[in-house]
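Working notes, structure below.
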Amino acid sequence: MPKIVDHEKQRARVAEAAWRVISRDGMEEATVRNIAKEAGMSAGSMRHYFSTQSELLAFSMKFVSERIKERALAADTSGDPLQAMERLLLEALPMDKERRDETEVWFAFIAKAFTDKTLQPLSRRIHEELLHGMESIVAGLVKLSLAPESTDIKLEALRLHSLIDGMAMHSVMNPEALPPEKMRIIVRDHLRSLLKKA
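Every position in the sequence shown, counted from 1, becomes a number in my numbering once 25 is added.
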């Protein structure tokens, strides 16, 4: 009887292998051969799932993006709304090894997308999804009457997005200068700066 292969599980296995190779060795080492080896597969069998390296990298980035979204959806949003929003934002920052690895892979992917035009639409889409998430947070502050009604939601979302992206990059490049606790304080202070003045 022929062996039944779960193709989605195999694709996820390859995506995880690509993620590990990029995180450990850098984007330049994310070749089909190296990723196949990491996944415990032959390079030939990889062709059944991904016809090009760009297709493989795009799937890997979607995989990372979905993991982050799943964590955000599972985040505790009970209790104080400001603390809940803080917890959501921290999911996009390198607060532990898993999130640091994801951030490193994400920045490697962005750099690759500059030269590989087939990756640019996905890069833009993930960027827009994150910006939309920031808009939801700022709009939530206004809706809950925590922030002034006059708040420019799109501008503040862009400012928040830039802050999160900038902190993620600086923390990956120099973790001692921007450790998790400092990022937590900055996120908390920024959210408070959006609130109505007493």
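Every residue gets a Cβ at the ideal spot worked out from N, C-alpha and C, and that includes glycine.
As the structure is a computational prediction, the values presented were derived from the model and not from experiment.
Would you report the Cα separation of L147 and A99, rounded to the nearest angstrom? 24 Å
Beta-carbon within less than 7 Å of K28's beta-carbon, same chain only, minus the 5 sequence neighbours each way: which residues are those? Note that K28 scores a pLDDT of 49, beneath 50, so its modelled location is shaky and nothing firm can be said.
Alpha carbon to alpha carbon, how far is R58 from R150? 28 Å
Let me know the secondary structure DSSP gives H152 once reduced to three states. helix
Test: K87 CB closer than 8 Å to a CB of chain B: Although the question refers to chain B, the structure presented lacks it and comprises just one protein chain.
On a Cα-Cα basis, can you pick out the residue from V163, V167, D50, L82 that is closest to T143? Ranking the options by Cα distance to T143, first place goes to L82.
Taking the alpha-carbon positions, what's the E127 to A40 distance? 12 Å
Pull up the distance between the alpha-carbon of H186 and that of T102, whole angstroms please. Whole-angstrom Cα-Cα distance: 20 Å.
Do I189 and A133 have their C-beta atoms within less than 8 Å of each other? Contact flag unset, no.
Please return the same chain residues whose Cβ sits closer than 8 Å to the Cβ of S1, not counting the five positions on each side in sequence. As shown, the chain starts at 26 and ends at 223. That puts residue 1 outside it, with no answer to give.
Going by alpha carbons, who is nearest to L107 out of M198, K34, I162, I178? I162
What's the C-alpha gap between P204 and V130? 19 Å
What are the complete alpha helix (DSSP H) segments, minimum 4 residues, inside the segment 74 to 153? Here the runs fully enclosed are 78 to 99, 106 to 115, 122 to 140.
So, using beta-carbon positions, are L115 and R217 closer together than 8 Å? no
Which of the three DSSP states, helix, strand or coil, is assigned to A43? Note: A43 maps to helix in three-state DSSP.
Length of the line joining the Cα atoms of F84 and E123: 18 Å
Assigned secondary structure, P205 (DSSP; H/G/I helix, E/B strand, else coil): helix
Under 8 Å, do K222 and L171 count as touching if we go by C-beta distance? no
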